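A short write-up of the structure that comes next.
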Amino acid sequence: KQTMAHLADLFSLPEMCLLSQVTQYFMDHKLPYHSVSIFNDVKEAIGSIHPEMHRIVGANIGNYLKKEPNLQTFFKRLQDNGKEIFIITNSPFYFVDVGMTFLLGDNWRDYFDVVVAGAKKPAFFVDNMRPFRELLVSERVQSWETVDSLEKGKIYLEGNLEELQRLKGWKGESVLYFGDHPYSDLADVTLNHCWRTGAIIWELDHEAECINKTQFKQTIGWLQMLQGLIQSCQDYEDPLSREVIKCWELERDKLRHETKAMFNQYFGSVFRTHDNPTYFSRRLFRFADIYTSRLSNLMSYSANHTFYPRRGVLPHEYKSLFV
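Numbered according to this note's numbering, the sequence shown terminates at residue 312, and the numbering increases by one at each position without gaps.
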């Protein structure tokens, strides 16, 4: 039985803060409490504010979204190359409409062959008993009629992935699906349906900026050399060698701390802890074929570009000629 909840994304930050504050209040005042009840109440409270949050964000959309000047050009190029474009979102349509109008203009629906709002991912990917329903936009009501085709220009609610694939004929590796959440967006479609997946990771811009700084490059270069010296000389047992190696190890630890703090003084890089990928990175690599900070970065490639994986070095291949 699962007793641990995953709070592993930006959406979880308010929930984590509220959980810690409420728990601290009970502890400080020596009040009896059940941790499951607190978790459930906080989760329900967070969910209850979504309509109000949508209203506030929608009324001040320019404060929350940054326009992408190349986005329209990118979608147009995909269309010109015969690509079909779709959007599947958990947000209500009227909230989506405000954001997409801000980004792409009043005719934003012309860029998409299928628009699905209120999808309730990840249930959309695994629950095949949820049919699509058409939203009659002008009347602001859902149609009761059976949806037997997905038409461009119309808005659909709920639905499921099996039905989407059946109605559109989209299968497996012919689909490249982008999401900003490795678990709720990407895991099911890549593991169970063999879709190609791309992750939008906004922290990547900061990461790239940090690793391209001269100070970081110089520090990492010396750190790698220093670690190589420690590894090569560690078997010397005489007192002088041991003293030198100890100094090297202290310097290595200092440099490790410095390079980690260049990304974030408390947590370091989102993607790496010293020589190893973080848990987030391992999950990202498992569920995403490619990742980038924004969709318009793909403007640098043709519409039919293929991304090939790099050959990773295994421990026993370290000194092989072909590496």
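Think of the CB as a built atom: it goes at the ideal place given N, C-alpha and C, for glycine as much as any other residue. None of these values were measured; they are calculated from a predicted model.
Just to check my reading of the structure: Asn79 and Gly107 have Cβ atoms closer than 8 angstroms, yes? What is that Cβ distance to the nearest angstrom?
7 angstroms
Along the chain, where does the alpha helix (DSSP H) that runs through Glu151 open and close?
Leu150 to Lys157
Chain-order list of residues whose beta-carbon lies under 6 angstroms from that of Ile76 (same chain, five-residue window excluded):
Phe101 and Val104
Using only the alpha-carbon positions, how far apart do Val302 and Pro21 sit?
53 angstroms
Which listed residue (Met288, Ile279 and Asp177) has its alpha carbon closest to that of Arg299:
Ile279
Buried or exposed for Val130, please, with buried defined as at least 16 other CB atoms from any protein chain shown within 10 angstroms of its CB.
exposed
Please state the DSSP three-state secondary structure of Gly187.
Of the three classes helix, strand and coil, the one that applies to Gly187 here is strand, per DSSP.
Would you tell me roughly how many angstroms separate the C-alpha atoms of Tyr225 and Trp211, rounded to the nearest one?
22 angstroms
Inter-stretch contact (C-beta, 8 angstroms, three-pair minimum) for the region 183 to 197 and the region 132 to 148
no
Trp191 and Ser282 closer than 8 angstroms at C-beta
Yes; because the gap between Cβ atoms is below 8 angstroms, this pair is in contact.
Nearest residue (CA-CA) to Arg119, options Lys109, Ser132, Arg231 and Val126
Lys109
What residue from Glu73, Phe252 and His170 has the CA that sits closest to Glu160's CA?
A small fix is needed here, since residue 160 is Lys in this sequence, not Glu. Lys160 has its Cα closest to that of Glu73, out of Glu73, Phe252 and His170.
Comparing C-alpha positions only, which one of Gly187, Thr90 and Glu247 sits nearest to Arg275?
Gly187
Assumed close pair Phe121, Gly148 - CB separation to whole angstroms, cut-off 8 angstroms:
4 angstroms
Secondary structure at Tyr172, three-state DSSP: helix, strand or coil?
helix
DSSP beta-bridge partners of Asn265
Thr262
Could you check the C-alpha separation between Glu134 and His263 for me, to the nearest Å?
56 angstroms
So, for Ser270: in the same chain, excluding its five sequence neighbours on each side, which residues have a beta-carbon less than 6 angstroms away from its beta-carbon?
Phe260, listed in sequence order.
Answer yes or no: does any C-beta atom of chain C fall closer than 8 angstroms to that of Met89?
The question asks about chain C, but that chain is absent: this structure has only one protein chain.
Taking its Cβ as the centre, do 16 or more other Cβ atoms sit within 10 Å of Val85, making it buried, or is it exposed?
buried
Any idea which residues DSSP pairs Ile279 with across the strands?
Gly187
Mind checking whether Asp177 and Phe114 have CB atoms under 8 angstroms apart?
yes
Which two residues bound the contiguous alpha helix (DSSP H) that contains Val46?
His39 to Ala48
Counted within 10 angstroms of its Cβ, other Cβ atoms place Phe256 as buried (16 or more) or exposed:
Of the residues assessed, Phe256 falls on the exposed side of the cut-off, its CB having fewer than 16 other CB atoms within 10 angstroms.
Own chain residues within Cβ distance below 6 angstroms of Phe15, not counting five before or after
Tyr22
Closest residue to Val126 among Pro81, Val164 and Leu153 (Cα-Cα distance):
Pro81
Rounded separation between Ser291 and Thr203 - CA only:
31 angstroms
Within the same chain, show all residues whose beta-carbon is closer than 7 angstroms to that of Asp116, passing over the 5 residues directly before and after it, in chain order.
Only Asn149 meet the Cβ criterion.
Quickly, what does DSSP pair Ala112 with across the bridge? List them, please.
Its beta-bridge partners do not exist; DSSP assigns none.
Extent of the continuous alpha helix (DSSP H) run through Arg122:
Not the alpha helix (DSSP H): Arg122 falls in the beta strand (DSSP E), residues Phe121 to Leu125.
Inspect the beta-carbon positions of Gln68 and Leu93 and report whether they are closer than 8 angstroms.
no
Can you say whether Pro58 is buried or exposed, counting buried as having 16 or more other CB atoms within 10 angstroms of its CB?
exposed
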